[in-house]
Structures are given as structure tokens and as C-alpha cells.
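All you need for the numbering used here is the position in the sequence shown, starting with 1, plus 413.
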Amino acid sequence: MNKENIRNAKNFDELLDIKYGKIGSEKRDNFEEKAKYFVISEILKEVRK
414 MNKENIRNAK
424 NFDELLDIKY
434 GKIGSEKRDN
444 FEEKAKYFVI
454 SEILKEVRK
């Protein structure tokens, strides 16, 4: 991962491609799964308040 590539990313999807790989790669799939669990846990915290 190159800092120059990160600076030149034009949108968030491109940034994710640089950092975690293209959609369908194992590293990207793991990241997206963890991100979904995080979002769900935050929603549950808010509902419980």
C-alpha cells in the first residue's frame, strides 16, 4: 500500500480497493463482514438506549 495511491484515490470505493483489495477478494470480504457487524452493533446500542 502506497501513501501516494491513497492520496490519489478519487472516491471511497477506490480507497477500499487500494487498502483491502478488489470486491470478492478474501481480505475485502473480511473487512466488509466486520464493517457490517459493527454497524449492526451500533444500531442495537442506539435502540437499547
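Cβ coordinates follow ideal geometry from the N, Cα and C atoms, glycine included. Quick caveat, the model's predicted, so the values are computed rather than measured.
What did DSSP end up calling residue 424 once you bin it into helix, strand or coil?
For residue 424, the three-state secondary structure derived from DSSP is coil.
Pick from 420, 456, 427, 421: whose alpha carbon is nearest that of residue 441?
Residue nearest to residue 441 within the set 420, 456, 427, 421 is 427 (criterion: CA-CA distance).
Which of the three DSSP states is assigned to residue 454 in this structure?
Three-state result, residue 454: helix.
If we ignore side chains and look at the alpha-carbon of each, how far apart do residue 419 and residue 437 end up?
For residue 419 and residue 437, the distance between alpha carbons rounds to 20 Å.
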